[in-house]
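All remarks here apply to the structure that follows.
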Amino acid sequence: MVTGGGSGIGRSTAIAFAAEGTKVVVADIAVDGGEQTVQSIQDSGFESVFVKTDVTRADEVENMVDKAVETYGRLDFAFNNAGVEGDIASVTRYSEENWDQVINTNLKSVWLCMKYEIPRMRKQGGGSIVNMSSTAGLTGVGPNPAYVGSKHGVIGLTKAAALNYAKSGIRVNAVCPSAIHTPLVKHLIDTYPDMEKVVIGTNPMARLGTPDEVAQAVVWLCSDAASFINGHPLSIDGGLVAQ
Ligand SMILES: NC(=O)c1ccc[n+]([C@@H]2O[C@H](COP(=O)([O-])OP(=O)(O)OC[C@H]3O[C@@H](n4cnc5c(N)ncnc54)[C@H](O)[C@@H]3O)[C@@H](O)[C@H]2O)c1
Numbered sequence: 003m004v005t006g007g008g009s010g011i012g013r014s015t016a017i018a019f020a021a022e023g024t025k026v027v028v029a030d031i032a033v034d035g036g037e038q039t040v041q042s043i044q045d046s047g048f049e050s051v052f053v054k055t056d057v058t059r060a061d062e063v064e065n066m067v068d069k070a071v072e073t074y075g076r077l078d079f080a081f082n083n084a085g086v087e088g089d090i091a092s093v094t095r096y097s098e099e100n101w102d103q104v105i106n107t108n109l110k111s112v113w114l115c116m117k118y119e120i121p122r123m124r125k126q127g128g129g130s131i132v133n134m135s136s137t138a139g140l141t142g143v144g145p146n147p148a149y150v151g152s153k154h155g156v157i158g159l160t161k162a163a164a165l166n167y168a169k170s171g172i173r174v175n176a177v178c179p180s181a182i183h184t185p186l187v188k189h190l191i192d193t194y195p196d197m198e199k200v201v202i203g204t205n206p207m208a209r210l211g212t213p214d215e216v217a218q219a220v221v222w223l224c225s226d227a228a229s230f231i232n233g234h235p236l237s238i239d240g241g242l243v244a245q
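Counting in the numbering used here, the sequence shown tops out at residue 245, every number present.
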């Protein structure tokens, strides 16, 4: 199951899971994007369903997990990925409305998803969860306080959940990408034209990442090849935070 599966990193990850033969539940608040992801998986001969979900709402997240289990009988892997970037503004200029939207979409949602995913996984004897953080969860980049706070929070929450359920056969990890070429980053670059040059200029590999580079890491973290990796925030950033 992939939240935010209707675009960007979520879409690429849903497609990468399907290519491994996994049946994929695509969840997104955006119907068109979610259905396009499902169509493209089905066109390649694999199985997928769309469940319209606002991940900030407990009732919709519970329904998303129920639908996954009703459709495919179990829930093995969950990528809690949906997120928004929010406004660019300093701490004192940031609006309360924006703060609540970013924290609810990027952080509260990850807790809500795990709240409903973990009982299903425990019942079936295990599973693997990957939560979406960011290099903004490891360093205080840029004037975007709620984004940075939410992504640091995801790492703390990931560690807490990993320790809570380590003996239940459930692994919980996080991924921390730097700037990846998706609609979210395109929107930032369109709004702040200097940003692309700055982002590329500060990355040791002097480029943006691709959605598939994140997708491959998520699929690997969920696989048995990563069976002793738990509570880990994995940088996918060309070496950005190593600087
Ligand atoms: N693109 C990057 O450079 C980058 C870097 C690090 C982390 N991230 C994180 O990766 C995740 C995906 O980002 P992306 O770049 O693919 O963005 P994107 O905008 O392409 O995709 C995000 C998806 O999340 C969905 N979404 C937003 N709010 C939702 C809600 N309330 N309920 C359900 N779905 C919702 C959107 O409809 C969209 O389909 C985000 O959490 C983002 O913070 C992105």
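Think of the CB as a built atom: it goes at the ideal place given N, C-alpha and C, for glycine as much as any other residue.
Neighbour flag for residue i against chain D, beta carbons, 9 Å
{"i": "Thr184", "result": "Checking the listed chains, one finds no chain D in this structure; it contains a single protein chain."}
Under the three-state DSSP convention, the category residue i falls into
{"i": "Gly158", "result": "helix"}
{"i": "Leu210", "result": "coil"}
{"i": "Ser130", "result": "strand"}
{"i": "Asp68", "result": "helix"}
{"i": "Thr39", "result": "helix"}
{"i": "Ser14", "result": "helix"}
{"i": "Leu77", "result": "coil"}
{"i": "Val53", "result": "strand"}
{"i": "Val145", "result": "The displayed chain sequence assigns Pro, not Val, to residue 145. Coil, per DSSP."}
{"i": "Arg173", "result": "strand"}
{"i": "Ala29", "result": "strand"}
{"i": "Ser152", "result": "helix"}
{"i": "Ile202", "result": "helix"}
Ligand 1 heavy atom lying under 8 Å from the CB of residue i
{"i": "Lys153", "result": "yes"}
{"i": "Glu99", "result": "no"}
{"i": "Pro179", "result": "yes"}
{"i": "Gly241", "result": "no"}
{"i": "Asn65", "result": "no"}
{"i": "Met3", "result": "no"}
{"i": "Asp30", "result": "yes"}
{"i": "Thr212", "result": "no"}
{"i": "Tyr279", "result": "For residue 279 there is no data in the structure shown, the boundaries of the chain being 3 and 245."}
{"i": "Pro235", "result": "no"}
{"i": "Val187", "result": "yes"}
{"i": "Ser92", "result": "no"}
Sub-9 Å separation of residue i and residue j beta-carbons
{"i": "Ser14", "j": "Asp214", "result": "yes"}
{"i": "Val28", "j": "Phe52", "result": "yes"}
{"i": "Ala91", "j": "Asn133", "result": "no"}
{"i": "Ser135", "j": "Thr58", "result": "no"}
{"i": "Leu114", "j": "Ala60", "result": "yes"}
{"i": "Ile202", "j": "Leu190", "result": "no"}
{"i": "Thr137", "j": "Val220", "result": "no"}
{"i": "Gly139", "j": "Pro235", "result": "yes"}
{"i": "Ala20", "j": "Ser130", "result": "no"}
{"i": "Gly88", "j": "Asn100", "result": "yes"}
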